[in-house]
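Peer 1: Line by line, the protein sequences give chains A and B.
Using this note's numbering, you'd call the opening residue of the first sequence number 37 and step up by one each time.
Using this note's numbering, you'd call the opening residue of the second sequence number 57 and step up by one each time.
What follows is a single structure, and I will ask about it in a moment.
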Amino acid sequence: MINKKKIGILKLSNCGNINNLKNALEYCNAKVGFIETNDDFKNFDKIIIPGVGSFNSSMKNLNDQNIKNDLLHNIKKKITLGICIGMQLFSKSSNEIEVTEGLNIFNFEFEKIKSKKPLPVMGYNSIEIKTDNKLLKNVNSSDKFYFMHSYATNSSNYEIASAKYFDQEYSAVVAKENIFGVQFHIEKSKESGLKIINNFLNL
Amino acid sequence: MNTRIISKIEIKGENVVKPIYFEGLRKIGKINKVLKDIYSKGIDEIIYIDIVSSLYRRKLDLNLIRNNSKNIFVPIIVGGGISSIEDCNNFFLNGADKVAINTYALQTNKNIISEIAKKYGSQSLVLNIEAKKIENNWVCYSDNGRSSSNINVLEWLKIAQDLGVGEILLQSVDRDGSKKGFDLNLYKKVLEIIKVPLIIASGAGKIEHISELFSIYKPQGLCISSLIYEDKNIINEIKSLINDK
Chain A
37 MINKKKIGIL KLSNCGNINN LKNALEYCNA KVGFIETNDD FKNFDKIIIP GVGSFNSSMK
97 NLNDQNIKND LLHNIKKKIT LGICIGMQLF SKSSNEIEVT EGLNIFNFEF EKIKSKKPLP
157 VMGYNSIEIK TDNKLLKNVN SSDKFYFMHS YATNSSNYEI ASAKYFDQEY SAVVAKENIF
217 GVQFHIEKSK ESGLKIINNF LNL
Chain B
57 MNTRIISKIE IKGENVVKPI YFEGLRKIGK INKVLKDIYS KGIDEIIYID IVSSLYRRKL
117 DLNLIRNNSK NIFVPIIVGG GISSIEDCNN FFLNGADKVA INTYALQTNK NIISEIAKKY
177 GSQSLVLNIE AKKIENNWVC YSDNGRSSSN INVLEWLKIA QDLGVGEILL QSVDRDGSKK
237 GFDLNLYKKV LEIIKVPLII ASGAGKIEHI SELFSIYKPQ GLCISSLIYE DKNIINEIKS
297 LINDK
């Protein structure tokens, strides 16, 4: 099934693996392009803020590229998904490198995971679904997702799934109306990741 | 969290090759075929290293990695000749999910580690260590085991961690491609000081070598290449062995 809605991937100058994300979306028959300037938003029905990047360099690029206000404006009306750092940017702030203010869409903060175990968290993990959501349709406990991060949040208000790293539990998927965030990399989580991509395309 | 089974794909031209002790080369096959094969057999992650780009100060062929990494939905670590943020950016835009650095950081400018970590986050940067045992110490090598340094492996690991590296790929020049088993003494020494995830590589020649390694400590990543090239079904065999522990 070809989904006619067009997906725009936000392209920041520290943007990381955006072509891998584009490939995964196209594999699921999506129409995909990049959002590089404010003029690009109008061409897309849904927005993805991709992963890879530090929090403060990503926020700095949003400001330097003069794209922050239009992004916020578009997020309010279009279905939006943040992946890894993309999800973290939805927060009030993060203390990665130095305390930096986020987009302040979700009322939570990111902090370094308090664990004596090796960090970053690196590898495949299952998630525990807390609230039914179309984004997680057909996802179950045998699905594993690739996590690579040192900062996390615990959101009681917006968490729809959590993950556990040894004794530390944190939010793996968050949702608020049309805005979604996944802490893991759906583009690099084998068939399990493609399942969530397909769910996102069908939203 | 289970140990990831990772394969290191060594690239020369358009082929995957397997060097023995980082020297003689055996041709394995075309990049695309090898990647598709190991992905379909359940590999968890791939390390893509251009084995000649550092040595000849030549840039890695970005088209090659971009075209071959399509539809491989596991993380790909790309290494070979990184000497700037711009190189990292090019890698990320052409198929890399993480980048691996060795030669330039070791020989020229260690601060590139913190520059990359600040821009892309620690989780996207892997330090590739090529250790060679000399008397009772391990010394860092680079250029795929060809160039020596006077830097102690354990000292270098501490420095790189302080600079913000997010993961260590620990290779042994003495064991790589040898199938004689891992350098377990090196492994134990590294475990005493490491704070970031470890990918242990070099030397797996039979399943027992892996059991032996896991009896010491379960690493976050296990890198095997020669064994996989011989029998791709071994990926699942190893998974059932280690995930019981």
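Quick reminder that beta carbons are idealized off the backbone N, C-alpha and C, glycines included.
Looking only at its own chain, which residues have a Cβ that is under 8 Å from the Cβ of LYS301/B, when we skip the five neighbours before and after it?
Peer 2: For LYS301/B, the predicted model reports a pLDDT of 45, less than 50, meaning its position is unreliable and no value from the coordinates is stated.
Peer 1: Near SER178/B, what residues of its chain come up, given a Cβ to Cβ distance below 6 Å and the 5 sequence neighbours on each side ignored?
Peer 2: Excluding sequence neighbours, SER178/B sits near GLY220, GLY222.
Peer 1: Give me the residue from LYS115/B, ILE284/B, LEU240/B, GLU286/B with the minimum Cα distance to ILE272/B.
Peer 2: Nearest C-alpha to ILE272/B: LEU240/B.
Peer 1: Rounded C-beta distance between ASN140/A and LYS128/A? I'm assuming under 8 Å.
Peer 2: Sure, about 5 Å apart at Cβ, within 8 Å.
Peer 1: Quick check on the DSSP output: the beta strand (DSSP E) that includes ALA66/A runs from which residue to which?
Peer 2: Looking at the DSSP string, ALA66/A is not in any beta strand (DSSP E), and its letter there is neither H nor E.
Peer 1: Provide the residue(s) that pair with VAL209/A in DSSP beta bridges, ordered along the chain.
Peer 2: Answer is ALA197/A, VAL218/A, bridged to VAL209/A.
Peer 1: May I ask you to report which of helix, strand or coil DSSP gives LYS301/B?
Peer 2: For LYS301/B, the pLDDT reaches just 45, beneath the cut-off of 50, and the residue's location in the model is therefore unreliable, leaving the point undetermined.
Peer 1: Does the beta carbon of MET158/A sit closer than 7 Å to a beta carbon anywhere in chain B?
Peer 2: True, the Cβ-Cβ gap to chain B drops below 7 Å.
Peer 1: Using a Cβ-Cβ distance cut-off of 7 Å, determine whether LEU247/B contacts chain A.
Peer 2: No, no contact with chain A.
Peer 1: Output, in chain order, the set of chain A residues within a Cβ distance shorter than 9 Å of VAL252/B.
Peer 2: Result: PRO154, LEU155, PRO156, MET158.
Peer 1: Compare the beta carbon distance of GLY98/B and ASN289/B with 7 Å and say whether it is the shorter of the two.
Peer 2: No. Outside cutoff.
Peer 1: Following the continuous beta strand (DSSP E) through GLU263/A, name the residue where it begins and the one where it ends.
Peer 2: Look at the range of chain A in this structure, 37 to 239, and you will see that residue 263/A is not part of it.
Peer 1: Is it true that the CB of LEU278/B sits closer than 7 Å to the CB of ILE61/B?
Peer 2: In contact: ILE61/B and LEU278/B (Cβ atoms closer than 7 Å).
Peer 1: Output the distance between the C-alpha atoms of ASP199/B and PHE91/A, rounded to the nearest integer angstrom.
Peer 2: Roughly 33 Å separates the two Cα atoms.
Peer 1: Below 8 Å, can you find three or more Cβ-Cβ pairs linking the segment 204 to 221 of chain A to the segment 196 to 212 of chain B?
Peer 2: Judged by Cβ distances under 8 Å, the segment 204 to 221 of chain A makes no contact with the segment 196 to 212 of chain B, as fewer than three pairs qualify.
Peer 1: Figure out for me which residue from ALA197/A, GLU195/A, MET158/A, LEU57/A has the closest Cα to the Cα of LYS251/B.
Peer 2: Closest by alpha carbon: MET158/A.
Peer 1: Can you give, in chain order, each stretch of the alpha helix (DSSP H) that sits fully within the segment 243 to 285 of chain B and has at least 4 residues?
Peer 2: With a minimum length of 4 residues, the continuous alpha helix (DSSP H) runs that stay inside the segment 243 to 285 of chain B are 263 to 272.
Peer 1: Among residues of its own chain, excluding the 5 on either side of LYS42/A, which ones have a beta-carbon nearer than 6 Å to its beta-carbon?
Peer 2: Within the same chain, LYS42/A has close Cβ partners LYS67, PHE80, ASP81.
Peer 1: Under 7 Å between C-beta atoms, does LEU81/B make it to chain A?
Peer 2: No, LEU81/B does not count as interfacial toward chain A.
Peer 1: Given a cut-off of 7 Å on the beta-carbon distance, is the pair ILE85/A and GLY118/A in contact?
Peer 2: Contact: yes.
Peer 1: Going by C-alpha distance, which of ASN299/B, ILE298/B, LYS262/B is nearest SER282/B?
Peer 2: The option with the nearest alpha carbon to SER282/B is LYS262/B.
Peer 1: Report the three-state DSSP secondary structure of MET57/B (helix, strand or coil).
Peer 2: Of the three classes helix, strand and coil, the one that applies to MET57/B here is coil, per DSSP.
Peer 1: Identify every residue that forms a DSSP beta bridge with GLY159/A.
Peer 2: DSSP, once it has assigned bridges, lists PHE183/A as partnering GLY159/A.
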